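*Asks:*
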Amino acid sequence: MPQLYFAAGPRLALAALLAVGSLTAARAQTFAYPSNEAYSSVETYTDLGATGTAITTANTDDANSAAQNIGFTFNYNGTAFTQFVLNTNGYLKLGATAPVAPYFYSSPQVTTGGPLNSTTDANLILPFNTDLTAGATSPTEYRVATTGTAGSRICIIQWKNVADKASSAVATQYANFSFQVKLYEGTNEVDFSYGTATAGATSTAAPRTVAVGLKGSNPTDSQLLTVQKASNAPWSASIAQNSDYPVPTGNSAPTGHNVRATVLPEAGRTYHFTAPTCRVPTNLSVSSITTTSAIVTFTPPSNGTAYALIYGPPAFDPTKGGTVVQTTTPSYTLTGLTPGNGYDVYIVALCGTSGQSIGSNRLSFSTPCTATTVVVSTFPYTENFDALQDGTVPCSFQTLDANQDNYTWGALVGYGKSAPTALAYTYNEDDATVGANDWAFTPGLALKAGYSYQLQFSYAEAIDGYTESMEVKYGTAATVAGQTTQLFSSKAITSTTYTTTTNGQVAVIRPTTDGVYYIGFHALSAPDQAGLLLDDIQVTESRVLAVRNAANSVFTAEAAPVPFGETLNLTLNTRQAGPLQLTLRDALGRLLRQTTTPATVGTSTLAVPAVGQLPAGVYFLNIEQGGQSQVLRVAHQ
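Under my numbering, the residues of the sequence shown are numbered 3 to 639, in order.
1. Would you identify the three-state DSSP class for Ser356, choosing helix, strand or coil?
2. Mind pulling the beta strand (DSSP E) runs of 3 or more residues that sit fully within the region 69 to 132?
3. With DSSP collapsed to three states, give me the class of Asp223.
4. Measure the CB-CB distance between Leu457 and Ile360 and report whether it falls below 8 Å.
5. Starting from Ile495, follow the beta strand (DSSP E) in both directions and report where the run begins and ends.
6. Give the straight-line distance between the Cα atoms of Glu560 and Leu574, rounded to the nearest whole angstrom.
7. Would you give the residue range spanned by the beta strand (DSSP E) that Pro209 belongs to?
8. Among the candidates Asn244, Ser245, Lys217, Thr264, whose CA atom is the shortest distance from the CA of Trp1?
9. Taking only three categories from DSSP, how would you classify Ser240?
10. Under 8 Å Cβ to Cβ from Asn178, same chain only, skipping five residues before and after it: list those, please.
11. Is there contact between the region 267 to 274 and the region 291 to 311, where contact requires at least three CB pairs shorter than 8 Å?
12. Count the C-beta pairs between the region 115 to 127 and the region 229 to 244 that are closer than 8 Å, then say yes if the count reaches three, no if not.
13. Counting along the chain, where does the beta strand (DSSP E) carrying Ile159 start and finish?
14. What span of residues does the beta strand (DSSP E) with Leu447 cover, start to end?
15. Which same chain residues, not among the five before or five after Pro581, have their C-beta less than 8 Å away from its C-beta?
16. Can you look up Ser37 in the DSSP assignment and give me helix, strand or coil?
17. For the region 60 to 78 against the region 96 to 109, are there 3 or more C-beta pairs whose distance is under 8 Å?
18. Leaving aside the five residues before and after Ala479 along the sequence, list all residues of the same chain whose C-beta is less than 8 Å from its C-beta, in chain order.
19. Whose CA, out of Tyr247, Ala310, Pro129, lies closest to the CA of Thr272?
20. Look at the Cβ atom of Thr428, then the Cβ atom of Gly533, and state whether they are nearer than 8 Å.
21. Measure how close the beta-carbons of Thr423 and Val415 come, nearest whole angstrom, since I'm counting them as under 8 Å.
22. In terms of DSSP beta bridges, what is Glu143 paired with?
23. Using the beta-carbon count (16 or more within 10 Å), is Val603 buried or exposed?
24. Looking only at C-alpha atoms, which of Asp123, Thr299, Asn119 sits nearest to Asp2?
25. Quick test of your reading: Tyr476 and Arg545, contact by CB under 8 Å. State the CB separation rounded to the nearest angstrom.
26. Please state the DSSP three-state secondary structure of Phe181.
27. Whole angstroms is fine: what's the gap from Thr576's alpha carbon to Val541's?
28. Near Phe2, which residues of its chain fall below 8 Å by C-beta distance, leaving aside the five closest residues on each side in sequence?
29. If we ignore side chains and look at the alpha-carbon of each, how far apart do Ala60 and Gln358 end up?
30. By alpha-carbon positions, which one of Gly446, Thr257, Ala509, Pro529 ends up nearest to Glu470?
31. Is the shortest distance between the beta-carbon of Pro117 and the beta-carbons of chain D less than 8 Å?
32. Under 8 Å by Cβ, that's how I've got Thr301 and Pro283 pegged, so tell me the actual separation to the nearest angstrom.
33. Going by Cα to Cα distance, which pick from Thr325, Gly188, Thr569 is closest to Ile511?
34. Could you give the DSSP three-state label for Leu584: helix, strand or coil?
35. Would Gln596 and Thr585 be called neighbours here (beta carbons separated by less than 8 Å)?
36. When you compare each of Gln632, Leu489, Trp441 to Tyr455 by their alpha carbons, which one comes out closest?
Right under this line is the structure:
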């Protein structure tokens with residue numbers, strides 16, 4: 003069922019894109035208010051005050067008014083109406099004939115009986131139909147006012163200071179409430195606007211079922227638009243459907259527009275129901291998907307003359323971006339697609355002189371990967387996962403479900419550090435005793451000896467209150483055994499705010515031989531956690547440099563690699579034998595390491611001891627031999 007959106011679907015300027023064709027034959031007779039074009043918003047609720055005319059009723063309980071004038075011709079369900087009759091129980095009937103009982107559901111927590119299900123009454127507008135009576139604030143009043151200029155007038159019908167009537171089963175939930183129906187000239191739009199509600203006693207809060215919607219000729223689904231929500235859900239979560247409410251069975255709750263004292267509407271909450279002259283395309287589907295193409299088909303409106311397909315990466319905004327193509331038939335082949343990428347598609351119809359539709363619901367799909375093995379040899383290498391649909395991985399990636407529980411890594415749209423997508427591991431919801439043991443491997447990286455490689459990435463926990471665990475390794479194969487060197491480990495990932503690694507937090511990769519290497523992200527979370535998020539992977543390449551001292555008469559020395567990691571080697575060319583002293587100090591001059599070693603004439607290499615345990619930073623290595631000394635500036639990552 004379509005969601006009642008906060009704003010109407012995307013309206014795209016297509017006049018320059020689509021040629022205006024002639025109007026085709028009229029569509030078959032159906033109710034003119036489709037649920038997929040209903041939407042919800044919060045606007046200013048304006049009480050009518052003394053504007054317009056008070057509507058007289060015999061009482062505030064179960065009464066009909068006399069026929070009231072709309073003030074213009076309002077077209078509804080194929081009929082032109084100029085009058086309506088108000089019922090005190092939160093609905094009205096178009097025309098001059100009053101509705102007949104039953105005026106509300108047969109009891110407060112069922113969806114049987116009432117005007118929505120009546121086979122007698124037609125052309126009903128129901129903003130808040132339940133057993134209503136006078137509210138806690140006086141006076142209770144009904145009023146109508148027509149505003150605006152001819153051609154674009156609005157008829158506003160208001161119920162003021164009413165309350166749902168207590169019964170032996172359910173107490174009053176809204177002790178005082180006001181709401182309005184707005185009928186729009188020309189467009190035939192119907193709005194339900196709700197004012198501030200005063201809660202009844204919260205100690206007796208309970209679900210009350212209310213009928214909210216529109217009714218055409220009869221109670222069949224094709225002649226209805228209803229709005230439903232759970233009693234404990236906010237009004238913003240309401241859902242529109244072109245059908246009646248299901249009749250509850252067994253212990254299931256009714257699926258009407260349910261309210262309770264503890265959940266009130268925002269003042270100005272408004273439901274909008276449009277009667278478009280150009281219907282939105284429906285039944286979008288995709289077939290014949292290849293690595294670079296796909297066929298999109300859809301059901302057009304009966305008066306459609308041309309169509310625009312707007313497509314782009316997952317979660318893109320079709321009102322601001324995407325690629326637009328046009329067709330005059332309900333089928334189009336998208337070409338030039340990228341293997342392994344995800345796409346979203348929206349369609350807008352043009353209906354000749356009747357204008358254009360709003361954007362359709364989203365169609366999502368992914369193209370398959372090619373069989374070519376990917377090896378990355380150009381750096382920096384980056385991956386942000388934003389071209390992926392939910393559950394997929396980049397073509398160049400490999401995943402390993404090591405515990406074989408069918409829960410592993412996949413893209414998750416809407417959770418990225420760089421919007422919209424992250425790579426996510428999600429917990430095993432079928433077996434809360436199974437923890438994570440799942441790998442995501444990068445493509446093969448062509449790394450070279452004599453170079454260093456720095457990995458950076460961002461990570462987070464998906465839901466507050468859980469703890470995730472991950473280690474990162476690298477090696478010569480995308481297998482568990484092939485991942486031999488640890489780069490990073492965190493056993494307490496608890497924040498839903500992304501952390502981006504910095505130099506020193508992830509070990510530097512310094513391959514000793516040229517080859518293809520793989521980086522593996524290993525989810526290790528305990529059982530029954532939530533989700534681990536990974537985004538914005540980057541691998542940068544740096545040539546390993548050496549630091550050499552100025553020449554002197556006794557020796558020359560060169561330190562490498564710089565920056566150094568686990569080891570720092572000193573290459574010496576000495577001109578005389580004798581003891582050589584090494585002294586390592588930090589940037590503040592504090593003595594950290596000191597050693598004396600014999601030196602022979604010629605070239606030799608020795609390791610500066612115990613440097614891998616030092617924190618990242620700048621250090622100074624002093625070399626002394628034969629009365630000469632030199633200082634080399636080195637850095638540790």
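C-beta atoms are modelled at their ideal positions from N, C-alpha and C, and glycine is treated no differently.
Computed from a prediction, not measured in an experiment: that's the story for all the values here.
*Replies:* Reading from the atomic positions:
1. Position 354 of the sequence shown, counted from the start, is the residue given in the question as residue 356. Three-state result, Ser356: helix.
2. 70 to 78, 81 to 89, 93 to 96, 126 to 131
3. Looking up residue 223 in the sequence shown gives position 221. Correct three-state label for Asp223: helix.
4. Along the sequence shown, one-based indexing puts residue 457 at 455. Along the sequence shown, one-based indexing puts residue 360 at 358. No, they are not a contact pair.
5. If you number the sequence shown from 1, residue 495 lands on position 493. Segment 485 to 495, the beta strand (DSSP E) holding Ile495.
6. Within the sequence shown, the letter at position 558 stands for residue 560. Within the sequence shown, the letter at position 572 stands for residue 574. Those two C-alpha atoms are separated by around 7 Å.
7. Translated into the one-based positions of the sequence shown, residue 209 becomes position 207. It is not in any beta strand (DSSP E) - Pro209 carries neither H nor E in the DSSP assignment.
8. Given that the chain is displayed from residue 3 to residue 639, the structure contains no residue 1 and the question cannot be resolved.
9. Residue mapping note: residue 240 aligns to position 238 of the sequence shown, counting from 1. In this structure, Ser240 counts as coil in the three-state DSSP scheme.
10. Start at 1 with the first residue of the sequence shown, and residue 178 comes out as number 176. Contacts found: Gly137, Ala138, Thr139, Asn163, Val164, Ala165, Ala199, Thr200.
11. no
12. no
13. Counted from its first residue, the sequence shown places residue 159 at position 157. Looking at the DSSP string, the run of the beta strand (DSSP E) that includes Ile159 is 156 to 166.
14. Locating residue 447 in the sequence shown gives position 445, counting from the first residue. Start and end: 446 to 449.
15. Taking the sequence shown and counting its residues from 1, the one referred to as residue 581 is at position 579. Closer than 8 Å at the Cβ level, and outside the excluded window around Pro581, lie Thr598, Thr599, Pro600, Ala601, Gln627.
16. Here the question's residue 37 lines up with position 35 in the sequence shown. Ser37 falls in the helix class under three-state DSSP.
17. yes
18. The residue given as residue 479 occupies position 477 in the sequence shown. Excluding positions up to five away in sequence, the list reads Gln485, Tyr520.
19. Residue 272 sits at position 270 when you count from the first residue of the sequence shown. Cα-wise, what sits closest to Thr272 is Pro129.
20. On the sequence shown, residue 428 is found 426 positions in, with the first residue counted as 1. On the sequence shown, residue 533 is found 531 positions in, with the first residue counted as 1. Taking 8 Å as the Cβ cut-off, Thr428 and Gly533 qualify as a contacting pair.
21. For the purposes of this step, residue 423 is taken as the residue at position 421 of the sequence shown. For the purposes of this step, residue 415 is taken as the residue at position 413 of the sequence shown. Yes, Thr423 and Val415 are in contact; Cβ-Cβ is about 5 Å, under 8 Å.
22. In the sequence shown, counting from the first residue as 1, residue 143 sits at position 141. Answer is Lys162.
23. Position 601 of the sequence shown, counted from the first residue, corresponds to residue 603. Looking at its Cβ environment, which holds fewer than 16 other Cβ atoms inside 10 Å, Val603 is exposed.
24. As shown, the chain starts at 3 and ends at 639. That puts residue 2 outside it, with no answer to give.
25. By 1-based counting over the sequence shown, the position of residue 476 is 474. By 1-based counting over the sequence shown, the position of residue 545 is 543. About 19 Å separates the two Cβ atoms, so there is no contact after all.
26. Locating residue 181 in the sequence shown gives position 179, counting from the first residue. In the structure shown, Phe181 sits in a strand (DSSP, three-state: E or B).
27. Locating residue 576 in the sequence shown gives position 574, counting from the first residue. Locating residue 541 in the sequence shown gives position 539, counting from the first residue. Rounded to whole angstroms, Thr576 to Val541 spans 39 Å at the Cα level.
28. Past the boundaries of the shown model lies residue 2; the chain is included only from 3 to 639, so the question cannot be answered.
29. The sequence position of residue 60 within the sequence shown is 58, counting from 1. The sequence position of residue 358 within the sequence shown is 356, counting from 1. If you take the alpha carbons of Ala60 and Gln358, they lie about 46 Å apart.
30. Here residue 470 corresponds to residue number 468 of the sequence shown, with the count starting at 1. Checked all of Gly446, Thr257, Ala509, Pro529; the closest Cα to Glu470 is Pro529.
31. Looking for chain D here will not work: only one protein chain is present.
32. Locating residue 301 in the sequence shown gives position 299, where the first residue counts as 1. Locating residue 283 in the sequence shown gives position 281, where the first residue counts as 1. Sure, about 6 Å apart at Cβ, within 8 Å.
33. The residue labelled residue 511 in the question sits at position 509 within the sequence shown. It is Thr569.
34. Against the sequence shown, residue 584 aligns to sequence position 582. Residue state, collapsed to three classes: strand.
35. The residue given as residue 596 occupies position 594 in the sequence shown. The residue given as residue 585 occupies position 583 in the sequence shown. Going by C-beta atoms, Gln596 is nearer than 8 Å to Thr585.
36. By 1-based counting over the sequence shown, the position of residue 455 is 453. The shortest C-alpha separation from Tyr455 is found at Leu489.
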